[in-house]
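So the sequence lines, in the order shown, correspond to chains Z and H. Sequential numbering of the first sequence, starting at 378, is according to this note's numbering. Sequential numbering of the second sequence, starting at 378, is according to this note's numbering.
Number of protein chains: 2
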Amino acid sequence: MEELGTTAYVILGMLRRGARNGYEIKSRADVSTRFFWAISYSQIYPELKRLEGAGLIEGEADPAGGRRRQAYTLTAAGEETLHEWLTRDGDFHLELRHEGVLRLFFADALDREEQLELLHSMRAEHERARIELERIEPTARARFDESGDRFPLLTLDMGIAYQGFFIDVCERLERRLTEPQPISGGT
Amino acid sequence: MEELGTTAYVILGMLRRGARNGYEIKSRADVSTRFFWAISYSQIYPELKRLEGAGLIEGEADPAGGRRRQAYTLTAAGEETLHEWLTRDGDFHLELRHEGVLRLFFADALDREEQLELLHSMRAEHERARIELERIEPTARARFDESGDRFPLLTLDMGIAYQGFFIDVCERLERRLTEPQPISGGT
DNA sequence: GCTCACATGTAATCCGTTACATGATTCT
DNA sequence: AGAATCATGTAACGGATTACATGTGAGC
Chain Z
378 MEELGTTAYV
388 ILGMLRRGAR
398 NGYEIKSRAD
408 VSTRFFWAIS
418 YSQIYPELKR
428 LEGAGLIEGE
438 ADPAGGRRRQ
448 AYTLTAAGEE
458 TLHEWLTRDG
468 DFHLELRHEG
478 VLRLFFADAL
488 DREEQLELLH
498 SMRAEHERAR
508 IELERIEPTA
518 RARFDESGDR
528 FPLLTLDMGI
538 AYQGFFIDVC
548 ERLERRLTEP
558 QPISGGT
Chain H
378 MEELGTTAYV
388 ILGMLRRGAR
398 NGYEIKSRAD
408 VSTRFFWAIS
418 YSQIYPELKR
428 LEGAGLIEGE
438 ADPAGGRRRQ
448 AYTLTAAGEE
458 TLHEWLTRDG
468 DFHLELRHEG
478 VLRLFFADAL
488 DREEQLELLH
498 SMRAEHERAR
508 IELERIEPTA
518 RARFDESGDR
528 FPLLTLDMGI
538 AYQGFFIDVC
548 ERLERRLTEP
558 QPISGGT
């Protein structure tokens with residue numbers, strides 16, 4: 378059997394957590410895993426078929442009225458595969474693409490005012506992201522209270538702190554650039 | 378003229394900062410921008426030709442002994458394009474793919490020991506990354522002292538703090554999971 | 001003589017996004 | 001009647017990685 382991509386494991390994981398079809402997988406991912414691993418419909422539907430072909434999930438027709446719908450569940454093999462991934466060691470995919478920091482790297486080409494403007498818009502972006510996460514938090518907390526599953530809430534709180542990290546960094550830098558010329562460079 | 382991808386701006390920026398050819402662009406990127414925007418040779422060389430075709434850079438033969446080498450410089454149009462990008466507003470590309478946090482999201486499927494193992498390996502990965510950045514820091518600091526350009530050093534220090542953020546989060550969570558069963562979920 | 005750093009490229013492939021396409025049900 | 005939500009897919013494209021391919025120069 379071929380190697381699975383990380384996106385496949387998102388699907389397996391979401392099914393294990395109770396999502397039943399492609400639409401539900403996407404809806405849930407959009408308010409949770411998307412902040413550290415985004416997926417889209419055009420990955421999900423073909424992948425569901427591949428996973429079924431590999432015997433890791435099983436789908437059955439589950440029409441809602443006249444609306445076509447396919448309900449998937451993990452097989453034992455799927456459960457096992459998911460567990461293997463969760464406990465696998467060796468390094469995992471870790472990638473950041475941050476155009477804001479990238480611009481900041483080249484910001485010596487800008488004048489003071491432009492530098493501040495860049496920092497400000499970067500901070501604003503992270504503040505928007507934090508607000509979005511904070512809006513989700515109560516729902517996540519409620520789901521934790523029902524299910525006892527703590528990691529979705531923990532990773533959400535981690536995401537909020539993550540945005541806070543960038544917000545703080547921007548704020549501090551903005552202040553430093555505003556203050557009268559400091560002498561040294563680093564922290 | 379077609380829209381430029383972010384990678385094109387990395388190249389323009391590196392040329393502005395004094396890199397002269399594809400090899401130098403890559404070498405410098407590998408110890409700086411790579412941590413928030415990775416690039417590879419197979420992007421650089423074709424892109425250099427496209428940028429030359431678009432009149433944003435100019436290349437001339439610059440052989441080193443019998444070794445073929447092409448030296449590029451920014452044109453006025455290239456300088457302008459770079460500046461436009463640095464000051465552009467509207468949201469920029471911001472993407473994180475973190476397989477560790479993703480696994481953590483699904484970690485309710487693991488037992489306590491496996492959860493701790495996951496956190497530990499995640500922390501180790503970020504510690505490796507931090508050490509790598511700390512090794513680069515003196516060089517970056519020296520280059521700041523020579524050139525007066527502060528943002529490369531600032532973004533490097535930011536990268537070090539970034540790794541520190543994840544290390545702290547992991548540590549705190551490890552401690553929490555080790556302590557006798559807490560009652561509540563969130564922060 | 002060997003290895004490492006310098007230097008430049010192409011081809012195949014993978015992964016992901018965006019746009020396109022369709023249709024039923026529920027809510028207002 | 002119309003909009004939003006539920007639900008499933010395909011096609012085209014773009015961006016990036018990996019593997020492949022080649023050759024010089026400098027230092028040991």
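Think of the CB as a built atom: it goes at the ideal place given N, C-alpha and C, for glycine as much as any other residue.
Top-ranked residue by Cα proximity to residue i, from the options
i                : options                                : result
GLU509 (chain H) : H:LEU473, H:LEU433, H:HIS475, H:TYR539 : H:TYR539
LEU493 (chain H) : H:SER419, H:ILE402, H:GLU556           : H:GLU556
GLN447 (chain H) : H:PHE483, H:LYS426, H:GLU456, H:ARG465 : H:LYS426
GLU505 (chain H) : H:ASP526, H:ASN398, H:GLY541, H:ARG480 : The identity of residue 505 (chain H) in the sequence shown is Arg, whereas the question assumes Glu. If we check each option's Cα against that of ARG505 (chain H), H:GLY541 comes out closest.
THR464 (chain H) : Z:LEU459, Z:ARG480, Z:LEU473           : Z:ARG480
VAL478 (chain Z) : H:ARG507, H:TYR400, H:PRO529           : H:PRO529
THR450 (chain H) : H:SER498, H:ASN398, H:ARG474, H:ASP488 : H:ASN398
ILE513 (chain H) : H:LEU531, H:GLY430, H:ARG474           : H:LEU531
LEU471 (chain H) : Z:LEU471, Z:PHE469, Z:HIS470, Z:GLU476 : Z:GLU476
THR410 (chain Z) : Z:ASP466, Z:GLY467, Z:THR383, Z:ASP522 : Z:THR383
ALA486 (chain Z) : H:GLU379, H:LEU392, H:ALA385, H:LEU381 : H:LEU392
ALA431 (chain Z) : Z:PRO440, Z:ALA438, Z:GLY443, Z:GLU457 : Z:GLU457
ASP395 (chain Z) : Z:ILE434, Z:GLU491, Z:HIS497           : Asp is not the amino acid found at residue 395 (chain Z); the sequence shown has Gly there. If we check each option's Cα against that of GLY395 (chain Z), Z:ILE434 comes out closest.
ASP466 (chain Z) : H:ARG444, H:ARG445, H:ASP466, H:GLU491 : H:GLU491
LEU496 (chain Z) : H:ARG520, H:ASP522, H:ASP468, H:LEU495 : H:ASP468
TYR418 (chain H) : H:GLU429, H:ASP439, H:ALA385           : H:ALA385
GLY525 (chain H) : Z:ARG507, Z:ALA484, Z:SER498           : Z:ALA484
TRP414 (chain Z) : Z:GLU424, Z:GLU461, Z:GLU502, Z:LEU473 : Z:LEU473
TRP462 (chain Z) : H:GLY443, H:PHE482, H:ARG507           : H:PHE482
ARG507 (chain Z) : Z:ASP522, Z:LEU533, Z:GLU429           : Z:LEU533
ALA454 (chain H) : H:GLU429, H:ARG445, H:ARG520           : H:GLU429
Bounding residues of the alpha helix (DSSP H) (the contiguous stretch that carries residue i)
i                : result
THR516 (chain H) : 489-524
GLU472 (chain H) : Per DSSP, GLU472 (chain H) belongs to no alpha helix (DSSP H); it is in the beta strand (DSSP E), 471-475.
GLU424 (chain H) : 418-430
ALA438 (chain Z) : Not the alpha helix (DSSP H): ALA438 (chain Z) falls in the beta strand (DSSP E), residues 434-438.
Cutoff 6 Å; reference residue i; Cβ partners in own chain excluding five residues on either side
i                : result
ALA406 (chain Z) : ILE416
Endpoints, beta strand (DSSP E) assigned at residue i
i                : result
ARG549 (chain Z) : Looking at the DSSP string, ARG549 (chain Z) is not in any beta strand (DSSP E); the run it does join, the alpha helix (DSSP H), is 528-555.
Contacts around residue i, its chain only, beta-carbon distance under 8 Å, and the 5 residues preceding and following it disregarded
i                : result
ARG500 (chain Z) : PHE543, ILE544, CYS547, GLU548, GLU551
GLU516 (chain Z) : Note that residue 516 (chain Z) is Thr in the sequence shown, not Glu. The answer, listed in chain order, is VAL408.
GLU511 (chain H) : ILE537
Residue i in three-state terms, based on DSSP
i                : result
ALA406 (chain H) : helix
ALA453 (chain H) : helix
ALA323 (chain H) : Because chain H is modelled from 378 through 564, residue 323 (chain H) falls outside the range shown and cannot be assessed.
ARG446 (chain Z) : coil
ALA441 (chain Z) : strand
PHE413 (chain Z) : coil
PHE483 (chain H) : coil
GLY467 (chain H) : coil
LEU381 (chain Z) : coil
Cutoff 7 Å; reference residue i; Cβ partners in own chain excluding five residues on either side
i                : result
GLY390 (chain H) : LEU459
ILE421 (chain H) : ILE388, GLY399, ILE402, LYS403
ARG489 (chain H) : LEU554
(message) At a CB distance below 9 Å, what residues from the region 440-473 of chain Z approach chain H? Give them in sequence order.
(response) Cβ contacts with chain H: GLU456, LEU459, HIS460, TRP462, LEU463, THR464, ARG465, ASP466, GLY467, ASP468, PHE469, HIS470, LEU471, GLU472, LEU473.
(message) Beta carbons nearer than 7 Å to chain H: which residues of the region 507-529 of chain Z have them?
(response) Residues of the region 507-529 of chain Z with a C-beta less than 7 Å from any C-beta of chain H: ARG518, PHE521, ASP526, ARG527, PHE528, PRO529, listed in chain order.
(request) For the region 381-412 of chain H, enumerate the residues whose C-beta is nearer than 9 Å to any C-beta of chain Z, in chain order. (result) Listed by position along the chain: THR383, TYR386, VAL387, LEU389, GLY390, MET391, ARG393, ARG394, SER409, THR410, PHE412.
(request) Could you list the residues in the region 543-558 of chain H with a C-beta less than 8 Å from some C-beta on chain Z, going in chain order? (result) Per Cβ criterion, the list reads VAL546, LEU550.
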